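Worksheet: the structure to be examined is printed underneath.
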Amino acid sequence: MQQNVITWTNLGFLYYHHADLELAKEAFSRAQVTDPDYSLAWLGQALVATANGEESDAQTLLTHAASFTTGLVCLYQWLLLYTHQILA
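This is how it looks when you write it as structure tokens:
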């Protein structure tokens, strides 16, 4: 089951990267159904919400992603990577 959640989440990030927000949201939703505690799927949903201008939803989703013990580490690592890409 862990591989499925990773696959769906990676697919969501791929769709997000290619600006297909609808498919990204669907892939992240499938990841969340597969494993509701997988923080990167929640992070992906937060990115989609931000891209759609849904700031309040994005904040709620980020808070939820960070509520998992591993979520804080993943969120921090992702933010470092994302910040580096923006500044590069």
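If you want the working numbering, it's the 1-based position in the sequence shown plus 9. C-beta atoms are modelled at their ideal positions from N, C-alpha and C, and glycine is treated no differently. Please read these numbers as outputs of a predicted model, since none were measured by experiment.
{"Query": "With C-beta atoms as the reference, is Thr18 less than 8 Å away from Ala50?", "Result": "yes"}
{"Query": "For Ala74, which of Glu64, Gly62, Phe22, Gln41 has the nearest alpha-carbon?", "Result": "Gln41"}
{"Query": "Please list the terminal residues of the continuous alpha helix (DSSP H) segment that includes His73.", "Result": "64-75"}
{"Query": "Buried or exposed, going by whether 16 or more other CB atoms sit within 10 Å of the CB of Ser76?", "Result": "exposed"}
{"Query": "For Phe33, I'd like the list of residues in its chain whose CB is within less than 6 Å of its CB, leaving aside the five on either flank, ordered along the chain.", "Result": "Note on identity: in this sequence residue 33 is Ala, with Phe being the wrong assignment. So the list reads Gly21, Tyr24, Tyr25, Val57, once near-sequence residues are dropped."}
{"Query": "How far does the alpha helix (DSSP H) with Ala50 in it reach, from first residue to last?", "Result": "48-60"}
{"Query": "With a Cβ-Cβ cutoff of 8 Å, do Ala55 and Leu30 count as a contact?", "Result": "no"}
{"Query": "Could you give the residue range of the alpha helix (DSSP H) that holds Ala40?", "Result": "30-43"}
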